[in-house]
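Report on the following structure.
In the working numbering, the protein residues as written are 5 to 528.
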């Protein structure tokens, strides 16, 4: 075999990973023999087997843990059943049982939950910690799974190249431990790391002038062309920087959609790469984009949905675009007939294209169940400082159009942005209260300033001595500060009955992945 793709733990095991499916589809279309393993889902289910849970819990587990383990088969069955959407309370109980059972694997130094993994002593942003894991000097709770389950499968495939996709912070430590085990078991294999987190590290790695042990190659940005080029290289040859590839058709043959933890199987897809707006000052896509903006031909997107539905017998889809392009939204709205029986959700901007009740009604007929919308603030001056390109009057009309059409909204709010004032935060509270009937779900967050965000030299923290690969830098004292913003969120926003009610119906842990299954829940 030429290339094996690995998706390591720990991430939400709700949907098969799109990045892996896109890579697999492109490699096979180029005539390269390739396979993929979702080690994230596998590790989660492996840790949740009764014998391993009993061992992790010990002889005298706490009452809550003992109950969670006893309820686990029922909880897993519910989370994989459409019945999960019948009762948010029953769903919440099942998720809490599952999360508590997963947490038993962590021990004193590690904390594992649904979609997150933290080591109290080791940091994913310290190269020395990553290298100690790779060298075998440290270990994670995934070591036994890697050695007993995953490595035998990899050895049986005998790949020439192994590519590990690391998209999230909570995948980094397990991924480097896995890479070290692979290096020792298969010293001749070329090891490649790519994905969103690796791309975010491009600048600090260039500044360090070195790679990351034990990987032979680090790929930043889209990986398709790089892996095709590497497949044709002799072992050890430098990895070229080929032109980007416009590949959007995923190959999910490696995954069983029904095995994932979702009330109904869901497949991810994307209609674009990068961000067509790319101007928000708090977003690295505006200053150091990891890939140029490219879009799948809008008219082909409905056809891709139909193709994937037929191939994998799935009726629900999740667009993972930074924001669905306006032309794609128009194409989807015009495709109600071929998309009959399918449903989908994804991110969109508060754009003029949605300020059209007829088009929004067309989206609803074409299966749009929910749109995720980054409002960030209910104060126009904040939006202008952030270069969001959002007009609150337009946003208000769009929320009403979506509500009238029966399309749910998942609205994102960002408090504590640079120079934000208490009065501007109050404006956000007022906007949310005034539009509570049009908002189904909320994500309320305090701003972290990305390392490459376009705020010039306004803020300190140019050096990252402790964590050279850190993703964020400190904000200055301009504005009211993170601590005050956090107090406002807890004491003012969540104290407002209308806002508290919206937050209460957001599915715990799985959040937006499972929100489409709870549209309308908790409104009465």
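No residue lacks a Cβ here, since even glycine has one placed at the ideal position from N, Cα and C.
Legend entry - residue 219 - partner residues in DSSP beta bridges: Your numbering for residue 219 matches position 215 in the chain shown. Answer is none; residue 219 lacks a bridge partner.
Inset, instruction - For residue 434, count neighbouring Cβ atoms within 10 angstroms of its own Cβ and tell me buried if that reaches 16, exposed if not. - result: Translated into positions along the chain shown, residue 434 becomes position 430. Of the residues assessed, residue 434 falls on the exposed side of the cut-off, its CB having fewer than 16 other CB atoms within 10 angstroms.
Legend entry - Sheet register partners of residue 477 (DSSP bridge): Taking the chain shown and counting its residues from 1, one reaches residue 477 at position 473. For residue 477, which the question treats as bridged, DSSP gives the partners 453.
Inset, instruction - Determine the extent of the beta strand (DSSP E) in which residue 348 is found, giving its start and end residues. - result: On the chain shown, position 344 is the one that residue 348 refers to. Per DSSP, the unbroken beta strand (DSSP E) holding residue 348 starts and ends at 347-352.
Legend entry - Touch test, the region 86-102 against the region 53-63, Cβ-Cβ under 8 Å, three pairs minimum: no
Inset, instruction - Kindly give me the distance between the Cβ atoms of residue 318 and residue 269, rounded to whole angstroms, as I take these residues to be in contact under 8 Å. - result: In the chain shown, the residue the question calls residue 318 occupies position 314. In the chain shown, the residue the question calls residue 269 occupies position 265. Rounded, the Cβ-Cβ distance is 5 Å, consistent with contact.
Legend entry - Which residues DSSP lists as bridging residue 413, in chain order: Mapped onto the chain shown, residue 413 falls at position 409. Answer is 375, bridged to residue 413.
Legend entry - Environment of residue 311 [buried if 16+ CB atoms lie within 10 Å]: Position 307 of the chain shown, counting from 1, holds the residue named residue 311. Under this definition residue 311 is an exposed residue.
Legend entry - Own chain partners of residue 47 with C-beta closer than 7 Å, once the 5 adjacent residues on each side are dropped: Here residue 47 refers to the residue found at position 43 of the chain shown. Counting only Cβ-Cβ distances below 7 Å, and skipping sequence neighbours, we find 13, 146 and 149.
Legend entry - Same chain, Cβ closer than 6 Å to residue 506, five either side skipped, listed in chain order: Taking the chain shown and counting its residues from 1, the one referred to as residue 506 is at position 502. Cβ neighbours of residue 506 beyond the five flanking positions: 443 and 446.
Legend entry - Rounded separation between residue 335 and residue 309 - CA only: On the chain shown, position 331 is the one that residue 335 refers to. On the chain shown, position 305 is the one that residue 309 refers to. Between residue 335 and residue 309, the C-alpha separation is close to 12 Å.
Inset, instruction - List the endpoints of the continuous alpha helix (DSSP H) containing residue 46. - result: By one-based count along the chain shown, residue 46 stands at place 42. Where residue 46 is concerned, the enclosing alpha helix (DSSP H) stretches over 43-51.
Inset, instruction - Assign residue 67 to buried or exposed, taking buried as 16 or more other Cβ atoms, counted over all protein chains shown, within 10 Å of its Cβ. - result: In the chain shown, the residue the question calls residue 67 occupies position 63. Residue 67 is exposed by the Cβ-count criterion.
Inset, instruction - Report buried or exposed for residue 161, applying the criterion of at least 16 other Cβ atoms within 10 angstroms of its Cβ. - result: The residue you call residue 161 lines up with position 157 of the chain shown. With fewer than 16 Cβ atoms within 10 Å of its Cβ, residue 161 is classed as exposed.
Legend entry - alpha helix (DSSP H) segment containing residue 264, residue limits: Here the question's residue 264 lines up with position 260 in the chain shown. Note, residue 264: premise wrong, no alpha helix (DSSP H); not H, not E.
Inset, instruction - Measure the C-alpha to C-alpha separation of residue 261 and residue 20 and round it to an integer number of angstroms. - result: On the chain shown, position 257 is the one that residue 261 refers to. On the chain shown, position 16 is the one that residue 20 refers to. Taken atom to atom, the span from the alpha-carbon of residue 261 to that of residue 20 is near 7 Å.
Inset, instruction - Drop a sphere of 10 angstroms on the beta-carbon of residue 353, count the other beta-carbons inside from all chains shown, and report buried for 16 or more, exposed for fewer. - result: Position 349 of the chain shown, counting from 1, holds the residue named residue 353. Result: buried.
Inset, instruction - Just grab the DSSP bridge partners of residue 194 for me. - result: Counting from one through the chain shown, the residue named residue 194 turns up at place 190. DSSP output for residue 194 lists 165 as bridge partner(s).
Legend entry - Span separating the alpha-carbon of residue 201 from that of residue 172: By 1-based counting over the chain shown, the position of residue 201 is 197. By 1-based counting over the chain shown, the position of residue 172 is 168. Approximately 6 Å, taken between the alpha carbons.
Legend entry - Beta-carbon gap between residue 221 and residue 213 smaller than 9 Å: Counting from one through the chain shown, the residue named residue 221 turns up at place 217. Counting from one through the chain shown, the residue named residue 213 turns up at place 209. No.
Inset, instruction - Taking residue 234 as part of the alpha helix (DSSP H), name the residues at either end of that continuous run. - result: As a position in the chain shown, residue 234 is number 230, starting the count at 1. Boundaries of the alpha helix (DSSP H) around residue 234: 228-235.
Inset, instruction - Inspect the CB distances between the region 509-525 and the region 115-131 and report whether three or more fall short of 8 Å. - result: yes
Inset, instruction - Look at the alpha carbon of residue 39 and the alpha carbon of residue 341, and state the distance between them as a whole number of angstroms. - result: Here the question's residue 39 lines up with position 35 in the chain shown. Here the question's residue 341 lines up with position 337 in the chain shown. Each residue's alpha carbon lies about 35 Å from the other.
Inset, instruction - Give the DSSP bridge partners of residue 171, in chain order. - result: As a first step, residue 171 must be located in the chain shown, where it is residue number 167. Paired residue(s): none; residue 171 is not in a bridge.
Legend entry - Which residues DSSP lists as bridging residue 277, in chain order: Within the chain shown, numbered from 1, the residue matching residue 277 stands at position 273. Per DSSP, 298.
Legend entry - Run of the beta strand (DSSP E) containing residue 535, from where it starts to where it stops: Because the chain here runs from 5 to 528, residue 535 falls outside it and cannot be looked at.
Inset, instruction - Sort out for me which residues DSSP pairs residue 114 with in a bridge. - result: Counting from one through the chain shown, the residue named residue 114 turns up at place 110. Paired residue(s): 123.
Inset, instruction - Report back the beta-carbon spacing between residue 196 and residue 164 to the nearest angstrom; my notes put them in contact at under 8 Å. - result: Translated into positions along the chain shown, residue 196 becomes position 192. Translated into positions along the chain shown, residue 164 becomes position 160. With a Cβ gap of about 11 Å, residue 196 and residue 164 do not count as contacting.
Legend entry - Euclidean distance between Cα positions of residue 464 and residue 493: Here residue 464 corresponds to residue number 460 of the chain shown, with the count starting at 1. Here residue 493 corresponds to residue number 489 of the chain shown, with the count starting at 1. With a pLDDT of 46 at residue 464, under the threshold of 50, the modelled position of this residue cannot be trusted; read the value that follows with caution. Roughly 25 Å separates the two Cα atoms.
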